[in-house]
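In what follows, a structure is listed as structure tokens, so that the remarks can point back to it.
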Amino acid sequence: MRNLDGNVNFDVKAQKSFHAVLGLDYNFKAFKDRPFKFTTEWYYKNMWDLVPYEYDNVRIRYFGKNNAKGYAYGAEFRLYGDIVKDAESWISLGLMKTSEDVLDDQILIKSKVNGADSTTLYPGFIPRPTDSRVSFGLYFSDYLPRNKNFKLFLSGLYSTGLPFGPPDQNRYGDTLRIPSYKRVDVGFMTLLLDGERKDRPRYSYFRNIKSMWLSLEVFNLLGIQNTISYLWIQDQSSSRVYAVPNRLTNRLLNLKLVTRF
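Structure, rendered in structure tokens:
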């Protein structure tokens, strides 16, 4: 593995971790005896011999040595079932915290306190690049009351922002936060061909097709400008560095044909 200066480290070790997970599934009925299921998992993960990394725009740059230790813990909750009969829907909530300590990371502060010329500070644990504290999602599907071949789905996602910082090879500075991620999608589907129909012609040209669905999806329906990363630009006159956001597509239409043989 190469470090940030391009030198190869032949002594790099595999990253290691220890996991502990506790899970629970609960099945029950509601809304006129319709099936529902609630699942949850609680987890803790201890990690050592980590190779730290940082983001430079959309590029991942590894430090190239096992000089960090870390941990992650959290919980996930999910409830899904048939809010509408024979149409699955779900709602989920995820909580997580993950941090790491770069062992040889230190900050040298020049001062004149108590006769000392400088002071060395050790940042300790800082958020890892994947430290998204809260994630919430939902999915709802429905169909026309008298024709299940016409379906609709609506999904939403919210996630708190990830840590970031200037690409200066100092992990202790990556404690800023990207704005939260928000997105709503909607889709419409129609069944063009059903292979299970009994009145289907025996010698039909599509006799080997089990089903054919046509769907129209609108991703990011509300046109929210989500930030994915930052481009760091330096002002030559003042030597200041500015973070310019890189944003994802506002809205996208997707036409899809799904065929099962």
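Going by the numbering used here, 1021 is the number at position 178 of the sequence shown; the sequence numbering is gapless.
Don't be surprised by glycine CBs; every beta carbon is placed ideally from N, CA and C.
Source: prediction; values computed, not measured.
{"query": "Ignore the nearest five residues each way along the sequence and tell me which others in Leu-1005's own chain have a CB closer than 8 angstroms to its CB.", "result": "Pro-972, Thr-973, Asp-974, Ser-975, Arg-1020, Ile-1021"}
{"query": "If you follow the beta strand (DSSP E) that Ile-926 is in, where does it begin and where does it stop?", "result": "911–927"}
{"query": "At the level of alpha carbons, what is the spacing between Asn-1013 and Ser-1058?", "result": "47 angstroms"}
{"query": "Closest to Leu-1000 by CA distance: which of Met-939, Ile-934, Thr-1018 is it?", "result": "Ile-934"}
{"query": "So, Val-927 versus Asn-909, is the Cβ gap smaller than 9 angstroms?", "result": "no"}
{"query": "Whole-angstrom Cβ separation of Lys-880 and Asp-868, contact assumed at under 8 angstroms?", "result": "7 angstroms"}
{"query": "Out of Asn-900, Arg-1050, Tyr-886, Asp-876, state which residue places its alpha-carbon closest to the alpha-carbon of Ala-915.", "result": "Tyr-886"}
{"query": "For Gly-1016, name the three-state secondary structure that DSSP assigns.", "result": "helix"}
{"query": "Under 9 angstroms between the Cβ atoms of Pro-966 and Gly-924?", "result": "no"}
{"query": "Tell me the DSSP secondary structure of Pro-1009 in three-state form.", "result": "coil"}
{"query": "Output needed for Met-844: all residues of its chain with C-beta closer than 6 angstroms, excluding positions within five of it in sequence on either side, in chain order.", "result": "Asn-852, Val-855, Gly-907"}
{"query": "Nearest to Ala-873 by alpha carbon, out of Lys-888, Asn-1089, Val-1084, Leu-922?", "result": "Leu-922"}
{"query": "For Ser-1002, write down the residues that DSSP places opposite it in a beta bridge.", "result": "Ser-978, Tyr-1024"}
{"query": "Quick one, are the C-beta atoms of Gly-980 and Thr-941 less than 9 angstroms apart?", "result": "no"}
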